[in-house]
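Going line by line, the protein sequences match chains U and G. Heads up, the first sequence is in the numbering used here, so the first residue is 7 and it goes up one at a time. Heads up, the second sequence is in the numbering used here, so the first residue is 7 and it goes up one at a time. Data first, discussion second: the structure below is written as structure tokens.
There are 2 protein chains.
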Amino acid sequence: MMHDCVSIVAAGHSPFGRLHGSTLEDLIVQVTRQALTDAAIEAAEIDALFLGHFNSGMVPDGFAASLLLQADPGLRFKPATRCENACASGAAAIQAGIHAILSGSAELVLVVGAEKMTGNSTAEVTRALAGAGYQNDVEEAGLSFPQLFGLAAQQYRQRYHCPMASMAAIASKNHANAMANPLAQMHKVMDFEHCNNVSQSNPYVAPSLRLTDCSLISDGASAIVLASARRARQFRREVLIRSMAQVNDVLPIARRDILAFEGPQRAIHLALRSAGVTLGDLGFAEVHDCFTIAELLIYEAMGLAPRGEGHRALDDGTVRPGGRLPVNLSGGLKAKGHPVGATGVSMHALAFAQLTGEPIGLAASNPEFGLVFNMGGMAVANYASVLQARRG
Amino acid sequence: MMHDCVSIVAAGHSPFGRLHGSTLEDLIVQVTRQALTDAAIEAAEIDALFLGHFNSGMVPDGFAASLLLQADPGLRFKPATRCENACASGAAAIQAGIHAILSGSAELVLVVGAEKMTGNSTAEVTRALAGAGYQNDVEEAGLSFPQLFGLAAQQYRQRYHCPMASMAAIASKNHANAMANPLAQMHKVMDFEHCNNVSQSNPYVAPSLRLTDCSLISDGASAIVLASARRARQFRREVLIRSMAQVNDVLPIARRDILAFEGPQRAIHLALRSAGVTLGDLGFAEVHDCFTIAELLIYEAMGLAPRGEGHRALDDGTVRPGGRLPVNLSGGLKAKGHPVGATGVSMHALAFAQLTGEPIGLAASNPEFGLVFNMGGMAVANYASVLQARRG
Numbered sequence: 007m008m009h010d011c012v013s014i015v016a017a018g019h020s021p022f023g024r025l026h027g028s029t030l031e032d033l034i035v036q037v038t039r040q041a042l043t044d045a046a047i048e049a050a051e052i053d054a055l056f057l058g059h060f061n062s063g064m065v066p067d068g069f070a071a072s073l074l075l076q077a078d079p080g081l082r083f084k085p086a087t088r089c090e091n092a093c094a095s096g097a098a099a100i101q102a103g104i105h106a107i108l109s110g111s112a113e114l115v116l117v118v119g120a121e122k123m124t125g126n127s128t129a130e131v132t133r134a135l136a137g138a139g140y141q142n143d144v145e146e147a148g149l150s151f152p153q154l155f156g157l158a159a160q161q162y163r164q165r166y167h168c169p170m171a172s173m174a175a176i177a178s179k180n181h182a183n184a185m186a187n188p189l190a191q192m193h194k195v196m197d198f199e200h201c202n203n204v205s206q207s208n209p210y211v212a213p214s215l216r217l218t219d220c221s222l223i224s225d226g227a228s229a230i231v232l233a234s235a236r237r238a239r240q241f242r243r244e245v246l247i248r249s250m251a252q253v254n255d256v257l258p259i260a261r262r263d264i265l266a267f268e269g270p271q272r273a274i275h276l277a278l279r280s281a282g283v284t285l286g287d288l289g290f291a292e293v294h295d296c297f298t299i300a301e302l303l304i305y306e307a308m309g310l311a312p313r314g315e316g317h318r319a320l321d322d323g324t325v326r327p328g329g330r331l332p333v334n335l336s337g338g339l340k341a342k343g344h345p346v347g348a349t350g351v352s353m354h355a356l357a358f359a360q361l362t363g364e365p366i367g368l369a370a371s372n373p374e375f376g377l378v379f380n381m382g383g384m385a386v387a388n389y390a391s392v393l394q395a396r397r398g
Numbered sequence: 007m008m009h010d011c012v013s014i015v016a017a018g019h020s021p022f023g024r025l026h027g028s029t030l031e032d033l034i035v036q037v038t039r040q041a042l043t044d045a046a047i048e049a050a051e052i053d054a055l056f057l058g059h060f061n062s063g064m065v066p067d068g069f070a071a072s073l074l075l076q077a078d079p080g081l082r083f084k085p086a087t088r089c090e091n092a093c094a095s096g097a098a099a100i101q102a103g104i105h106a107i108l109s110g111s112a113e114l115v116l117v118v119g120a121e122k123m124t125g126n127s128t129a130e131v132t133r134a135l136a137g138a139g140y141q142n143d144v145e146e147a148g149l150s151f152p153q154l155f156g157l158a159a160q161q162y163r164q165r166y167h168c169p170m171a172s173m174a175a176i177a178s179k180n181h182a183n184a185m186a187n188p189l190a191q192m193h194k195v196m197d198f199e200h201c202n203n204v205s206q207s208n209p210y211v212a213p214s215l216r217l218t219d220c221s222l223i224s225d226g227a228s229a230i231v232l233a234s235a236r237r238a239r240q241f242r243r244e245v246l247i248r249s250m251a252q253v254n255d256v257l258p259i260a261r262r263d264i265l266a267f268e269g270p271q272r273a274i275h276l277a278l279r280s281a282g283v284t285l286g287d288l289g290f291a292e293v294h295d296c297f298t299i300a301e302l303l304i305y306e307a308m309g310l311a312p313r314g315e316g317h318r319a320l321d322d323g324t325v326r327p328g329g330r331l332p333v334n335l336s337g338g339l340k341a342k343g344h345p346v347g348a349t350g351v352s353m354h355a356l357a358f359a360q361l362t363g364e365p366i367g368l369a370a371s372n373p374e375f376g377l378v379f380n381m382g383g384m385a386v387a388n389y390a391s392v393l394q395a396r397r398g
């Protein structure tokens, strides 16, 4: 929650994918320099730096905040801090940057999100990500994230009806959207039939989750420059962060209804209310489709459709390009890729591009407002932001 | 840097040591409840939570922020964020809490620092901590922290004179101070002779560093409640955070003079200047003696003695109990223990106790101001705070 006094004024974004030649440091340095160049400012003008990064054993860099200083000698002696909230670490870093500005201790803040995942085997990545589950219960600690979200898909079937066709429709939509995004990891049409059928090239990775229901293992980084109201006007472009809400739920899934997505619902509604807008005002949304079932549950948490009827938002075209509220025009985590610490920053960087009329990939239709929803764990750390184009 | 508008109003602190029965979650829950009880508030009154925690592979909990919510059902749906800056993660979480309050988005903030280390072998802990060094240079990545600080001791000898007697004096002082601290990990007198001589019970652990020159491997947690100026007055006790400065240096030691401790010097001087005080105004200091050579270099960075003459502060009694500026009355990291993510919060919690006239262990002499200096890596993440007793 906040007043309309922090803006995004520049951004940087690496391609997402299997970036063999790049270390975590390389990725951080690359997008930091891009963002400074995009902002047309000297590094020395930056007051504070924040890094969103999960790690959890995927890279040996246990102390990554100061890696941002490697980008430019002018950053030496600036405060730099890493924020972590699992796959919402990027949004956590943005939230910290906003607080630094609103507190009066900074006017220009650089926020980077970064993750280097593909140096590990799939089993190692699965184990690292499972570290974002609750560790003090034997059963829960043994669940991988595909198993956890697969459980949600199973419960959905039990409580409402089988969600798997909707999940396939989401996968197919996001893959199609990514075709236009040059930074996306996958540029491959995946039609509904392919996504909806279990096959040799689309096997189950966990009960009720097919390969095409899962986001990707990715390397990548993104950066944005945040500015106070006073400083924002000097920049060529400006997008207002009208609100940013954070809601954490308890970690153990045994303590909550995993289909209710209460944390996402509260965060999104809080952000909309704080910004004084409704769903109808939004021109697009970038939301956390770590698994296709998550995107379906987010439709319901947003209020796009009643509980158990998220499929309607797909069936009537609402969330498709050209629809009333296109969701994940970027291709989403599903097809753009999901370098976990980078994701929240990437969502904001792409929303910034949309709202300045310079979209990367598919364009929303002259949007004034955009919604970003970034999530850590199974609806545990929930960040929703409403961004607004500055006009005139 | 800030205005005098955030206060510490309550604290919690576990014993530090080898706490076999306690998980990371147990430690977090314990101090969270202590702090809430100490503040005499309901959990639901807290607006935001921050966790300082390093981890780096020492526990499987890769996503620990929401573990704070395990302490009380009233914390569900509150924002909770983990901050990491290696061994200064505790101060990073406090800084984030201060920004949240000054930004207007929170009035009461709970900050916890926690680490569970002793579930690992010494070799595993050494490797986890080494993750706080620079990983993209083969030589630096191979250095353990004892080796890194041993290098500083060797350079000190080359540039000035042999620091080892001063280092032994620091170890001996801090062990003596810890005798009075019931929360300290070690309650064992270590006289100067013992600390200054290499023996079977005090071997070299790295070139120029004896066992008694190193801080401890510890489990522990600490918590503080921060309040806005508006809310602070309702509490029984209040200590003002007059300033908190953060300065990050570049990570590779190849890029800087490791004896200069430029980051610590800048952070401390910035904090003093922002608070409008000088060294002479301070009644005590809690500083980051991860290794005895670090405390010696911090005397010089503070300006207690010229470069190469930090020993004077020991020789003339300045930093000893009853001296002009007693340093680490708590026993310091050396003898109180150093659960890395907890340390920065512990320092503030103990300074809070000193400044409210309810010291835990040795008392400073009616102090009005206290300095806290918490450091991540080898002078990489540097946080200095000036705290002031509220009188009358």
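For every residue, glycine included, the Cβ atom is placed at its ideal position computed from N, Cα and C.
Practice task
Show which residues of chain G have a CB atom less than 8 Å away from the CB atom of residue 75/U.
Solution key: Result: 254, 255, 256, 257.
Practice task
Would you grab the beta carbon distance between residue 77/U and residue 39/U for me? Rounded to a whole angstrom, and I think it's under 8 Å.
Solution key: Their Cβ separation, rounded to whole angstroms, is 5 Å, which keeps residue 77/U and residue 39/U in contact under 8 Å.
Problem - Beta-carbon contacts of residue 30/G that lie in its chain and below 8 Å, excluding the five residues immediately before and after - result: Only 59, 65, 67, 70, 73, 120, 121, 122 meet the Cβ criterion.
Exercise for the section: Note down, in chain order, each residue of its chain lying with its Cβ closer than 7 Å to the Cβ of residue 24/G, except the 5 sequence neighbours on either side. Expected result: Same-chain partners within the cutoff: 124, 225.
Exercise for the section: Would you mind sorting residue 162/U into buried or exposed? The rule is 16 or more other CB atoms within 10 Å of its CB. Expected result: Counting Cβ neighbours within 10 Å, residue 162/U comes out buried, since at least 16 surround it.
Handout entry: Alpha-carbon to alpha-carbon, residue 208/G and residue 290/G
Key = Between residue 290/G and residue 208/G, the C-alpha separation is close to 29 Å.
Practice task
In the DSSP assignment, find the unbroken alpha helix (DSSP H) run with residue 202/U in it and report its ends.
Solution key: First-last of the alpha helix (DSSP H) with residue 202/U: 198-202.
Practice task
Measure the CB-CB distance between residue 114/G and residue 231/G and report whether it falls below 9 Å.
Solution key: In this structure, residue 231/G lies closer than 9 Å to residue 114/G by Cβ.
Handout entry: Segment contact, 8 Å Cβ cut-off, at least three pairs: the stretch 188-207 of chain U with the stretch 81-96 of chain U
Key = Counting C-beta pairs with one atom in each stretch, the stretch 188-207 of chain U and the stretch 81-96 of chain U have fewer than three that are closer than 8 Å, which means they do not touch.
Practice task
Give every residue of the same chain whose Cβ lies closer than 6 Å to the Cβ of residue 91/G, excluding the five residues on either side of it in the sequence, and list them in chain order.
Solution key: Closer than 6 Å at Cβ, skipping near neighbours: 98, 382, 387.
Exercise for the section: Classify residue 151/G as helix, strand or coil using the three-state DSSP reduction. Expected result: Here residue 151/G sits in helix by DSSP.
Handout entry: Closer than 7 Å at the beta carbon, the chain G residues around residue 141/U
Key = Below the 7 Å Cβ cutoff, chain G contributes 66, 67 as neighbours of residue 141/U, in chain order.
Exercise for the section: Grab me the residues of residue 276/G's own chain with a C-beta within less than 6 Å of its C-beta, minus the 5 sequence neighbours each way, in chain order. Expected result: Scanning its chain for C-beta atoms nearer than 6 Å, with the 5 sequence neighbours on each side dropped, one finds around residue 276/G the residues 251, in chain order.
Practice task
Please compile the residues from chain U whose C-beta is within a distance smaller than 8 Å of the C-beta of residue 83/G.
Solution key: Within chain U, the residues near residue 83/G are 253, 254, 255, 268, 269, 272.
Handout entry: Through-space distance from residue 167/G to residue 350/U, alpha-carbon basis
Key = When only Cα atoms are considered, residue 350/U and residue 167/G end up about 51 Å apart.
Exercise for the section: Spell out a yes or no on whether the stretch 150-165 of chain U and the stretch 291-311 of chain U are touching, meaning 3 or more CB-CB pairs, one atom from each, closer than 8 Å. Expected result: Yes: the two stretches touch, three or more of their Cβ pairs being nearer than 8 Å.
Practice task
Flag residue 62/G as yes if its beta-carbon sits less than 9 Å from any beta-carbon of chain U, otherwise no.
Solution key: For residue 62/G, the closest Cβ of chain U is nearer than 9 Å.
Handout entry: Runs of beta strand (DSSP E) lying entirely within the stretch 234-303 of chain G, each at least 3 residues, in chain order
Key = Counting whole runs of 3 or more residues, the stretch 234-303 of chain G contains the beta strand (DSSP E) stretches 245-254, 288-293.
Practice task
Answer yes or no: does any C-beta atom of chain U fall closer than 9 Å to that of residue 36/G?
Solution key: No, no contact with chain U.
Exercise for the section: Assign residue 69/U to one of three DSSP states: helix, strand, or coil. Expected result: The three-state secondary structure of residue 69/U, taken from DSSP, is coil.
Practice task
Could you run through the stretch 78-104 of chain U and flag, in chain order, every residue whose CB is less than 8 Å away from some CB of chain G?
Solution key: Residues 82, 83, 84, 85, 86, 87, 88, 89, 90, 91, 92, 98, 101, 102, 104.
Practice task
For the stretch 364-385 of chain G, enumerate the residues whose C-beta is nearer than 7 Å to any C-beta of chain U, in chain order.
Solution key: Listed in sequence order: 382, 383.
Practice task
Please compile the residues from chain U whose C-beta is within a distance smaller than 7 Å of the C-beta of residue 31/G.
Solution key: Annotation: Cβ neighbours of residue 31/G in chain U (cutoff 7 Å, chain order): 142.
Exercise for the section: Would you tell me roughly how many angstroms separate the C-alpha atoms of residue 93/U and residue 391/U, rounded to the nearest one? Expected result: Cα to Cα, the separation comes out at about 16 Å.
Handout entry: Within chain G, the residues that residue 110/U reaches when beta carbons sit closer than 7 Å
Key = By Cβ distance, chain G contributes 108.
Exercise for the section: Spell out whether any CB of chain U is found under 9 Å from the CB atom of residue 55/G. Expected result: With 9 Å as the cut-off, residue 55/G counts as an interface residue toward chain U.
Practice task
For residue 137/G, return the contacting residues in chain U, with the cut-off set at a CB-CB distance below 8 Å.
Solution key: Within 8 Å Cβ-Cβ: 66, 67, 68, 69.
Practice task
Could you tell me whether the stretch 205-222 of chain G touches the stretch 339-359 of chain G, using the rule of 3 or more Cβ pairs below 8 Å?
Solution key: Touching, per the Cβ criterion.
Exercise for the section: Express the C-alpha separation of residue 379/G and residue 322/G in angstroms, rounding to a whole number. Expected result: Going by the C-alpha atoms only, they are around 22 Å apart.
Exercise for the section: Take the Cβ of residue 347/U as the centre, count every other Cβ of all protein chains shown within 10 Å, and call the residue buried at 16 or more, exposed below. Expected result: Flag for residue 347/U reads buried.
Practice task
Answer yes or no: does any C-beta atom of chain U fall closer than 9 Å to that of residue 147/G?
Solution key: Closer than 9 Å: yes.
Exercise for the section: Below 6 Å CB to CB, which residues in the same chain sit around residue 442/U once its five sequence neighbours on both sides are set aside? Expected result: As shown, chain U starts at 7 and ends at 398. That puts residue 442/U outside it, with no answer to give.
Practice task
Run the CB neighbour count on residue 141/G, radius 10 Å, all protein chains shown included, and call it buried at 16 or more, exposed below.
Solution key: Using a 10 angstroms sphere on the CB of residue 141/G, the tally of other CB atoms reaches 16 or more, which defines it as buried.
Practice task
Using a Cβ cut-off of 9 Å (strictly closer), state whether residue 7/G contacts chain U.
Solution key: Low per-residue confidence applies at residue 7/G: pLDDT is 40, beneath 50, and the placement is therefore not dependable, though the value from the model is reported in the following sentence. At least one chain U Cβ lies under 9 Å of residue 7/G.
Problem - residue 309/G - DSSP class collapsed to helix/strand/coil - result: Reduced to three states, the DSSP call for residue 309/G is coil.
Practice task
Determine the DSSP secondary structure at residue 118/U, reduced to helix, strand or coil.
Solution key: Residue 118/U falls in the strand class under three-state DSSP.
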